[in-house]
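Written below as structure tokens is the structure these notes are about.
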Amino acid sequence: MSAPEPRPGILDIAPYVSGESGIAGKSRIIKLSSNEGAFGPSPKAMEAYMALAGELHRYPDGGANELRQDLAAHYGLDASRIVCGAGSDEILSLLCYSFAGPGDEVLHSAHGFLMYAISARAAGATPVAAPETNLTADVDALLAAVTDKTRIVFLANPNNPTGTYLSNTEVERLWQGLPENVLLVLDAAYAEFVTNDDYASGSELVDRAKNVVMTRTFSKIHALGGLRLGWGYCPAGIAGVLNRVRGPFNVNGAALATGVAALKDTAFTDMVRDENTKIRDWTVNELRSLGNHGVQVTDSVGNFILVTLPTDRERNAEACDVWLKNHGIIVRRMGGYGLADCVRVSIGRMDEMRTFIHVMGEFFSQPEVAK
Ligand SMILES: *Cc1c(COP(=O)(O)O)cnc(C)c1O
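When we follow the numbering used here, the leftmost residue of the sequence shown carries the number 18, and every step to the right adds one.
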């Protein structure tokens, strides 16, 4: 007798490793490892969450009707083509299960969000990575990697962990170059943070195309990662597919009610965006002034930055990570993304980033250890 075995490929998945949240022996830590909202959720969202405690025996609205209507009004979309999920991760994975399988290819850029390859493998498909240029997705390289087996192209825009983005024109060029039977998924998890004029989240393209889906999340600017709430905006046919394969109550009632309140609190969202821009730009400037040590920082439009460290043993990414941890600061190592020389640093509150910069300054000014 042999034990049950999963489908081929499942055990080849390297499980997703989430950002660490604690350091042994340290009670006060600064967590800059998971791109969570530095300011926490809107107080109005927290109130809505608390108010739901007495309703926990009720099944949630399986159609997420109120939230979908509110999202449609807020962003100018067609509510019937919005599908909500337990995080946008659920939407990404349902798309893989529905549109790709054994023998199919799922394309993403080299340093694209790790869940694309994981979800592709889970569905039995083969993830394919196209090279990037300057840590940015490269439309020509993506198009060159399309084969007759390609079923889905995932583009995080802006991308996590690099923080870089493609302009609306470049996204349009990518779409134009794809065969009509290939699904283009624009993962706009960080769209609300972007202030650049040439950026678009992709919803307008969804309205014109039959093969484009845009995904969004409440985990980042709305700081509700713990509740698991995301959504996709789809052509009608694809919304129909997702509504067939998702669980009937895939989004819990607390997430729905809290999401509705968070979306309405636009003053809070605006505050978070403005503070993030200010604190991120300050942090990047401060880090670049350490540039004579060989530190590089990408131009990020998100709520995190990718920092490339020098390669010498005393100052490399591993040494930096250890140094920061010893000072109570958790960032994210990037080996899993093929960026072993980098750490990703989420943008925290100003006081947290002042401490981070201070500790980084000390890291670079410690005496060199004799080789
Ligand atoms: C965080 C993140 C997500 C997932 O968000 P959830 O809604 O919490 O599942 C998706 N895509 C990218 C690029 C992310 O960084």
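C-beta atoms are modelled at their ideal positions from N, C-alpha and C, and glycine is treated no differently.
Span separating the alpha-carbon of residue i from that of residue j
i	j	result
Leu356	Ala65	40 Å
His310	His344	20 Å
Val324	Phe381	14 Å
Trp340	Pro384	14 Å
Ala81	Val312	46 Å
Leu273	Ala70	13 Å
Ala90	Ala134	33 Å
Arg361	Pro119	33 Å
Arg305	Thr150	21 Å
Arg245	Val268	8 Å
Leu391	Asp165	Look at the range of the chain in this structure, 18 to 388, and you will see that residue 391 is not part of it.
Glu331	Ile374	18 Å
Ala140	Tyr207	26 Å
Tyr216	Gly42	44 Å
Arg366	Asn320	11 Å
Gly352	Leu280	35 Å
Thr283	Pro23	45 Å
Tyr114	Asp121	11 Å
Tyr182	Gly39	31 Å
Gly243	Thr234	12 Å
Integer Cβ distance of residue i from residue j, believed to fall under 8 Å
i	j	result
Ala205	Ser218	4 Å
Val211	Pro178	Incorrect: roughly 16 Å between the Cβ atoms, too far for contact.
Arg297	Ile364	5 Å
Val163	Leu124	7 Å
Residue i and residue j closer than 8 Å at C-beta
i	j	result
Asp358	Thr315	no
Met132	Asp157	no
Leu241	Leu191	no
Val262	Leu111	yes
Ser59	Ala278	yes
Ile346	Val376	yes
Ile108	Trp248	yes
Gly104	Ser236	yes
Gly270	Pro77	yes
Gly36	Phe266	no
Residues of its chain near residue i, where Cβ-Cβ distance is below 6 Å and the 5 sequence neighbours each way are ignored
i	result
Leu200	Phe116, Ile169, Asn228
Arg85	Ala96, Ile99
Pro21	none
Same chain only: Cβ atoms within 8 Å of residue i, ignoring 5 sequence neighbours per side
i	result
Asn260	Val100
Gly129	Ala146, Ala154, Phe171, Leu172, Ala173, Asn176
Tyr354	His128, Leu131, Pro178
Contact test: residue i Cβ vs ligand 2 heavy atom, cutoff 7 Å
i	result
Phe130	In the structure shown, ligand 2 is absent; the only ligands present are ligand 1.
Close Cβ partners of residue i (< 7 Å) along its chain, the five nearest in sequence each way excluded
i	result
Ile30	Ile135, Arg138, Ala139
Three or more beta-carbon pairs under 8 Å between the segment 362-373 and the segment 46-66, yes or no?
Taking 8 Å as the limit for Cβ pairs, the verdict is that the segment 46-66 does touch the segment 362-373.
Three or more C-beta pairs below 8 Å linking the segment 248-263 and the segment 94-105
The segment 248-263 is in contact with the segment 94-105.
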